[in-house]
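First up is the structure itself, then whatever we jot down about it.
Protein chains: 2
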Amino acid sequence: MNSRILAVGSMALDSIETPFGKAEDALGGSVTYFSAAARFFAPVSVVAAVGKDFPAKHLKLLSGLGVDTSGVRIEDGKTFRWKGHYGFDLNSAKTLKTELGVFATFKPELDRAQRRSKTVFLANIDPDIQRAVLKQVENPSLVACDTMNYWIGGKRPSLLKLLRRVDVILCNDAEARELTGEVNLVKAARWMFAHGPKLFVVKKGEHGVICFAKNFTFLAPAFLLESVFDPTGAGDTFAGGFMGTLAKAGRLDSATVRKAVIYGSVLASYNVESFSLKRLISLKRFEIESRYRQFRKLTEF
Amino acid sequence: MNSRILAVGSMALDSIETPFGKAEDALGGSVTYFSAAARFFAPVSVVAAVGKDFPAKHLKLLSGLGVDTSGVRIEDGKTFRWKGHYGFDLNSAKTLKTELGVFATFKPELDRAQRRSKTVFLANIDPDIQRAVLKQVENPSLVACDTMNYWIGGKRPSLLKLLRRVDVILCNDAEARELTGEVNLVKAARWMFAHGPKLFVVKKGEHGVICFAKNFTFLAPAFLLESVFDPTGAGDTFAGGFMGTLAKAGRLDSATVRKAVIYGSVLASYNVESFSLKRLISLKRFEIESRYRQFRKLTEF
Chain R
5 MNSRILAVGS
15 MALDSIETPF
25 GKAEDALGGS
35 VTYFSAAARF
45 FAPVSVVAAV
55 GKDFPAKHLK
65 LLSGLGVDTS
75 GVRIEDGKTF
85 RWKGHYGFDL
95 NSAKTLKTEL
105 GVFATFKPEL
115 DRAQRRSKTV
125 FLANIDPDIQ
135 RAVLKQVENP
145 SLVACDTMNY
155 WIGGKRPSLL
165 KLLRRVDVIL
175 CNDAEARELT
185 GEVNLVKAAR
195 WMFAHGPKLF
205 VVKKGEHGVI
215 CFAKNFTFLA
225 PAFLLESVFD
235 PTGAGDTFAG
245 GFMGTLAKAG
255 RLDSATVRKA
265 VIYGSVLASY
275 NVESFSLKRL
285 ISLKRFEIES
295 RYRQFRKLTE
305 F
Chain U
5 MNSRILAVGS
15 MALDSIETPF
25 GKAEDALGGS
35 VTYFSAAARF
45 FAPVSVVAAV
55 GKDFPAKHLK
65 LLSGLGVDTS
75 GVRIEDGKTF
85 RWKGHYGFDL
95 NSAKTLKTEL
105 GVFATFKPEL
115 DRAQRRSKTV
125 FLANIDPDIQ
135 RAVLKQVENP
145 SLVACDTMNY
155 WIGGKRPSLL
165 KLLRRVDVIL
175 CNDAEARELT
185 GEVNLVKAAR
195 WMFAHGPKLF
205 VVKKGEHGVI
215 CFAKNFTFLA
225 PAFLLESVFD
235 PTGAGDTFAG
245 GFMGTLAKAG
255 RLDSATVRKA
265 VIYGSVLASY
275 NVESFSLKRL
285 ISLKRFEIES
295 RYRQFRKLTE
305 F
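Line order of the protein sequences matches chains R and U.
Our numbering puts the first sequence at residues 5 to 305.
Our numbering puts the second sequence at residues 5 to 305.
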């Protein structure tokens with residue numbers, strides 16, 4: 005089976021301040037984190053656009069990790085830049101500045117191989133673009149999307165159309181409540197199932213993940229860490245481990261989905277231990293397996 | 005072994021408003037919730053004070069559940085009253101009014117049998133009173149306490165003295181951070197172990213529980229509910245199921261403590277489904293076991 009994942013979203017240069025330090029123009033973006041995590045489980049091709057100011061070493065780095073970056077277009081203009089600040093609780097970022105740059109006119113065109121992708125991850129971008137990409141994929145068997153409050157409020161009709169074509173939706177608890185109009189997440193899940201997705205993954209940051217399927221629910225706490233340096237990209241890193249596991253298995257049964265949630269959580273837990281992608285780059289497969297086993301010890305009863 | 009639990013704290017009349025309804029002068033108080041939960045696992049004697057206005061039916065009700073209420077003193081004056089309000093998120097109460105009544109001069113005197121208690125739960129009251137009670141217990145083998153921001157800020161030296169005599173501390177995550185001065189809970193646990201307790205139980209409401217012991221850590225999400233009507237007493241109900249399980253087992257090993265956390269969570273999950281103690285009163289042992297098994301299905305991978 006073709007387990008290659010097509011991931012469409014942003015590549016960015018992030019400037020981040022946390023109580024523990026700061027980084028300037030560090031490699032960031034949703035598909036960057038996603039692919040650096042997913043590559044442990046399945047081959048990944050990314051589709052994104054960057055500006056001429058995007059350091060070539062970043063693309064080389066991703067290629068070196070085994071990520072197919074041939075779908076990254078280098079365009080006239082500047083790379084998407086995000087500047088954010090985290091307080092001591094580290095659970096929510098304050099956006100200080102967003103410069104869309106070439107990302108403002110991002111209109112992905114898939115090549116022939118990409119159109120034949122079976123697994124598609126549509127990172128958090130304008131739902132019009134998510135739909136335009138998905139339309140180009142001929143016969144996908146597993147489609148996942150992320151979204152955020154900005155689109156839930158501003159492009160609701162388009163987002164609802166997208167949902168009908170999506171198997172998995174990942175978002176945080178506040179976004180889930182805003183999208184569904186339900187405070188209670190069990191009720192929110194029922195809403196989701198009525199609007200398209202078969203899997204509804206609620207990312208709660210340091211409070212873990214709730215994964216709803218039609219015939220089972222899985223609750224996972226977050227891995228317990230003594231040092232969290234930079235939560236940027238945790239959600240996309242989770243998505244990478246999660247989707248990578250599903251693509252590799254080629255199934256959506258309960259055991260596989262549970263495993264995918266834990267692998268996603270393990271990857272996210274490593275990611276937040278350093279700035280930017282530093283930890284994901286140095287990460288080894290045996291470390292992933294080791295923390296997976298620790299996860300079981302932390303939660304079994 | 006003597007598994008009887010001595011529980012010292014408040015009995016109260018609560019007036020509560022939630023988005024789903026309200027209750028006026030309903031039975032409440034920390035030892036009330038605690039004992040109504042703990043009684044499923046071990047015999048409980050409560051020590052508290054109420055005013056002459058306290059309906060006799062409430063004490064009869066607790067006795068009917070098998071709780072020993074002979075230690076409840078009926079004093080001249082009014083019962084402790086709390087008036088609170090919950091918004092849609094239901095995770096934190098807004099206190100509208102507190103009338104201490106006879107609770108303001110609460111000075112528990114234990115009788116001979118109570119002094120021989122082996123398991124003691126000191127609910128959230130003035131640490132001076134918690135210590136005065138504990139001094140009267142001759143040779144306790146398991147002592148647990150709860151506390152809150154009011155005492156952490158106002159009676160810190162007394163609270164620190166109490167901690168040295170305590171095996172288990174239960175509090176919420178904000179309280180843990182305030183008491184220890186550590187944002188990170190792993191570091192907070194290290195602080196706790198250096199100040200007395202062997203077990204540190206962090207109650208995170210809808211986000212579950214983290215239980216730290218010196219040689220293991222256990223993470224449990226909260227049971228997933230479709231309807232939460234009234235979160236009042238959830239923490240004390242959790243403590244009841246938790247301490248009841250420990251008292252019954254007479255051990256603090258990893259397997260027992262994990263089981264205790266889940267039973268505590270199960271009891272708390274039932275409690276929040278109705279106003280006041282309504283659900284705890286009608287609750288059956290088989291329902292507890294059934295939800296315990298559901299908990300495993302929700303979390304295993």
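Backbone N, C-alpha and C fix where the C-beta goes; we use that ideal spot for every residue, glycine too.
Everything numeric in this text was worked out from a predicted model, so none of it was measured.
Query raised in the report: Below 9 Å between beta carbons: does that hold for Gln303/R and Phe125/U?
Result: In the sequence under discussion, the amino acid at residue 303/R is Thr, which differs from the Gln named in the question. Going by C-beta atoms, Thr303/R is not nearer than 9 Å to Phe125/U.
Query raised in the report: Buried or exposed: Asp257/R, going by 16 or more other Cβ atoms within 10 Å of its Cβ?
Result: exposed
Query - Ala243/U - containing alpha helix (DSSP H), residue span - result: 238-253
Query - Distance between Ser280/R and Glu21/R (C-alpha atoms, nearest Å) - result: 11 Å
Query raised in the report: Using a Cβ-Cβ cut-off of 6 Å (strictly less than) and excluding sequence neighbours within five positions of Lys202/R, which residues of its own chain qualify?
Result: Asp171
Query raised in the report: Along the stretch 264-277 of chain R, what residues have a CB closer than 9 Å to any CB found in chain U?
Result: Val265, Ile266
**Report entry** Backbone secondary structure at Arg169/R - three-state DSSP
**Finding:** coil
Query raised in the report: Does any CB atom of chain R fall closer than 9 Å to the CB of Thr221/U?
Result: yes
Query raised in the report: Excluding five sequence neighbours on each side, which residues of the same chain lie with their C-beta closer than 8 Å to the C-beta of Lys218/U?
Result: Phe197, Lys202
Query raised in the report: From Ile214/R to Ala224/R, what distance separates their C-alpha atoms?
Result: 6 Å
Report task. Compute the beta-carbon to beta-carbon distance between Val35/U and Ala52/U, rounded to the nearest angstrom, for a pair I have assumed lies under 8 Å. Result -> 5 Å
Query raised in the report: For the candidate residues Gln140/R, Asp18/R, Lys263/R, whose alpha-carbon lies nearest to that of Arg297/R?
Result: Lys263/R
Query raised in the report: Are at least three pairs of beta-carbons, each pair with one atom in the stretch 60-70 of chain R and one in the stretch 5-25 of chain U, less than 8 Å apart?
Result: no
Report task. Would you give the residue range spanned by the alpha helix (DSSP H) that His89/U belongs to? Result -> Where His89/U is concerned, there is no enclosing alpha helix (DSSP H), although the beta strand (DSSP E) it sits in stretches over 84-90.
**Report entry** Between the CA atoms of Lys122/R and Met5/R - distance to the nearest angstrom
**Finding:** Reliability fails at Met5/R, whose pLDDT of 49 lies under 50, so the model's placement of it is uncertain and the value that follows must be treated cautiously. Going by the C-alpha atoms only, they are around 9 Å apart.
Query raised in the report: With 9 Å set as the bound, which would you pick, yes or no: does the beta-carbon of Leu183/R sit closer than that to a beta-carbon of chain U?
Result: no
**Report entry** Own chain partners of Asp132/R with C-beta closer than 8 Å, once the 5 adjacent residues on each side are dropped
**Finding:** Lys159, Ser162
Query raised in the report: Can you pull the DSSP bridge partners for Leu10/U?
Result: Ser49/U, Val124/U
**Report entry** Local conformation of Met5/R per DSSP, three classes
**Finding:** The predicted position of Met5/R is uncertain, since its pLDDT is 49 and thus under 50; a value taken from the coordinates is nonetheless stated next. DSSP places Met5/R in coil when its eight states are reduced to three.
Report task. Starting from the C-beta of Pro235/U, find all residues in its chain whose C-beta is less than 6 Å away, skip the five residues before and the five after it, and write them out in chain order. Result -> Leu94, Val276
Report task. Please state whether DSSP places Thr22/R in a helix, a strand or coil. Result -> strand
Query raised in the report: Any C-beta of chain U sitting closer than 9 Å to the C-beta of Met5/R?
Result: Annotation note: pLDDT 49 at Met5/R (below 50); position unreliable, coordinate value reported separately. No, because no Cβ of chain U sits closer than 9 Å to the Cβ of Met5/R.
Query raised in the report: Between Arg168/R and His199/R, what straight-line distance do the alpha-carbon atoms span, to the nearest angstrom?
Result: 6 Å
**Report entry** Every unbroken beta strand (DSSP E) within the stretch 216-240 of chain R, with a cutoff of 3 residues, ordered by chain
**Finding:** 221-224
Query - Beta-carbon neighbours of Val187/U, restricted to chain R and to distances below 9 Å - result: Pro23, Phe92, Asp93, Leu94
Query raised in the report: Near Phe44/R, what residues of its chain come up, given a Cβ to Cβ distance below 7 Å and the 5 sequence neighbours on each side ignored?
Result: Gly248, Arg289, Ile292
Requested in this report: Would you please verify whether the beta carbon of His89/U is less than 9 Å from any beta carbon of chain R?
Outcome: no
Report task. Pick helix, strand or coil for Ser278/U, following the three-state DSSP scheme. Result -> coil
Query raised in the report: So, helix, strand or coil for Asp29/U, using DSSP?
Result: strand
**Report entry** Given Ala97/U as reference, the closest of Phe242/U, Ser286/U, Ala238/U once Cα atoms are compared
**Finding:** Ala238/U
Requested in this report: Round the Cβ separation of Ala251/R and Ser49/R to the nearest angstrom and send it over; I've been treating them as touching at under 8 Å.
Outcome: That belief does not hold up - the Cβ atoms of Ala251/R and Ser49/R are roughly 12 Å apart, past 8 Å.
Query raised in the report: For Arg300/R, which of Ile266/R, Ala60/R, Val137/R has the nearest alpha-carbon?
Result: Ile266/R
Query raised in the report: Across which residues does DSSP place Phe204/R in a beta bridge pair?
Result: Ile173/R, Phe216/R
Query raised in the report: Is the shortest distance between the beta-carbon of Ala238/U and the beta-carbons of chain R less than 9 Å?
Result: no
Report task. Throw me the rounded Cβ distance for the Val1/U and Val12/U pair, which I believe falls under 8 Å. Result -> There is simply no residue 1/U to check, as chain U begins at 5 and stops at 305 in what is shown.
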